[in-house]
Each structure stands twice: as structure tokens, then as C-alpha cells.
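Residue numbers (the numbering used here): 23 to 236.
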Amino acid sequence: MFLACGAGGAAAQQPAAPPKPAPVQVVVPHWYVGIGGAQTIFDIQADSVAAPGATASTLNEGQNRSGCRLFGGYRVHRNVAIEGALTDYGKFTSTREVTAPVSGNLIAQTRIRGASLEVVGILPFNNGFSFLGKVGGMLAQTQIEYRTEGAYTLPAGTSTSVRNHELVGKYGVGLGYALTERIGLKMEYEVSQKVGEQIEGDLKAAFFSVQVRF
């Protein structure tokens with residue numbers, strides 16, 4: 023009996039479990055700004071970086087690049103925000119390897135920047151996470167610089183520097199997390215469609231961002 027009473031007393035003295043933290047409240051409407059970094063890729067078409075005069079060649083699209091972004095927005099509703107951003111997607115190198123009639127390379131370096139405006143859909147949960155979806159457009163600027171290696175050369179008079187501006191559509195999905203009532207994190211995957219003129223492709227990016235609410 024003594025042991026049973028002792029066990030009962032020990033159980034009664036155990037501290038109660040700490041209360042769960044209250045979920046971060048969504049305050050709307052509000053303004054916010056942020057900064058982000060990304061891994062980017064320019065998924066160009068197979069016939070891009072055309073090499074005039076070549077009868078046999080292959081295309082090497084190169085590697086992924088890093089990008090950065092400044093953005094700001096206005097959350098008009100618990101589930102809707104309007105967001106604008108200035109983004110530098112990086113410089114992408116694509117190489118056309120020519121094997122006939124001569125051997126050499128045509129190398130194109132494409133720098134892509136953009137100013138975008140999007141509608142962001144937000145589905146918040148009680149644990150601080152939010153599902154994000156967005157759609158909008160971007161004024162894209164592409165700057166292409168061409169150079170050659172080996173025996174291959176461009177025809178006389180060919181421009182080796184080309185700049186282009188165009189409006190393109192873009193969309194994305196992501197996941198947000200509210201660290202506090204004012205500071206949040208978000209991860210997003212987005213696609214800008216048919217970017218570029220001489221060299222065209224889909225611009226894809228995976229962003230990690232920090233934002234601050236006013």
C-alpha cells in the first residue's frame with residue numbers, strides 16, 4: 023500500500039504540459055517588402071543558338087545559375103496580395119558545338135533581368151504555414167553576347183550583341199511560414215514562359231525569400 027500511495031503522489035506532482043503557442047495572427051490589409059535568392063535555369067529550345075553555315079552541330083545549354091530579387095506587395099485580403107518584383111536571374115552560357123564543315127564553337131551568354139507584377143493567392147493554416155500560388159506578367163530584358171572559338175566564325179556583319187525587351191507570362195507555387203507577426207519566410211518555384219527572341223526558352227527559378235510586414 024505504501025508503494026502505491028507513493029507512486030500516486032509522484033504522479034500528482036508531475037508538472038502540467040506547457041500550453042501550445044498561439045498561432046501567428048494574419049493582419050490585413052498590410053504592406054510588405056522582402057529580398058530573396060534563387061537557383062535559376064534557362065531551358066532553351068533545341069534549335070537555339072543557330073550557327074549560320076554549320077551543317078552539323080550539337081547544343082550544350084550549360085549549367086544552372088544564381089539569381090536575386092527585391093520585392094514588395096500589398097496584402098489586400100487574408101487570401102490575396104498584389105506583388106511586384108525586380109529580379110536578376112543571372113547570366114546563362116549556351117554553346118553550339120560545330121563539327122562540320124569546320125570545327126569550332128559558337129558561344130552565347132544571355133543575361134536576363136525582369137520587372138514583374140503578380141496576383142498572389144494565399145491559403146493560410148493555423149500552424150503558421152501558408153500555401154502560395156501566383157500568376158502575372160513580367161517585362162523581361164535579355165542581353166545576348168556572342169563569341170566564337172576554333173575554326174568556326176560568324177559571317178561578316180553579324181551582330182554579336184543583341185538586346186531585347188518583351189512582356190511574358192509567369193506563374194508559380196510556394197510555401198510560406200510566419201516566424202513572427204512581422205517576419206516571414208517563403209520558398210517558391212516559378213516559371214516565366216517563352217523568354218527571349220533570338221534565344222527563346224522557359225525561365226525557371228526556385229526562390230528562398232525573407233519578407234517584413236509594415
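Note that CB positions come from ideal geometry on N, CA and C, so glycine has one too.
Relative to the Cα of ASN148, the nearest Cα in the group VAL195, TYR199, GLY155 belongs to TYR199. The beta carbon of THR170 lies closer than 8 Å to those of GLY126, ASN127, LEU128, ILE129, LEU176 in the same chain, with the five residues before and after it left out. The count of Cβ pairs closer than 8 Å, one atom from the segment 183 to 202 and one from the segment 68 to 82, stays below three, leaving the stretches out of contact. Judged by DSSP in its simplified three-state form, TYR174 adopts coil rather than helix or strand. Cα atoms of TRP53 and GLY106: separation of roughly 12 Å, rounded to the nearest angstrom. Here ARG97 carries a strand assignment [DSSP, helix/strand/coil]. Between GLN85 and VAL195, the alpha-carbon positions lie close to 23 Å from each other. The C-beta of GLY172 has fewer than 16 other C-beta atoms within 10 Å across all chains shown, which makes the residue exposed. Taking a C-beta distance under 8 Å as the contact criterion, ARG91 and LEU108 qualify as a contact pair.
Rounded to the nearest whole angstrom, the C-alpha separation of GLU210 and VAL142 is 12 Å. Nearest Cα to ASP69 within the set GLU219, PRO123, GLY94, ALA228: GLU219. For ASN82, the secondary structure class from DSSP, reduced to helix, strand or coil, is strand. Here PRO146 carries a strand assignment [DSSP, helix/strand/coil]. Relative to SER88, the option among GLN163, LYS192, GLY95, GLY112 whose CA is nearest is GLY112.
When DSSP states are grouped into helix, strand and coil, GLN220 belongs to the coil group. With a contact defined as Cβ atoms closer than 8 Å, GLY159 and LYS192 qualify at about 7 Å.
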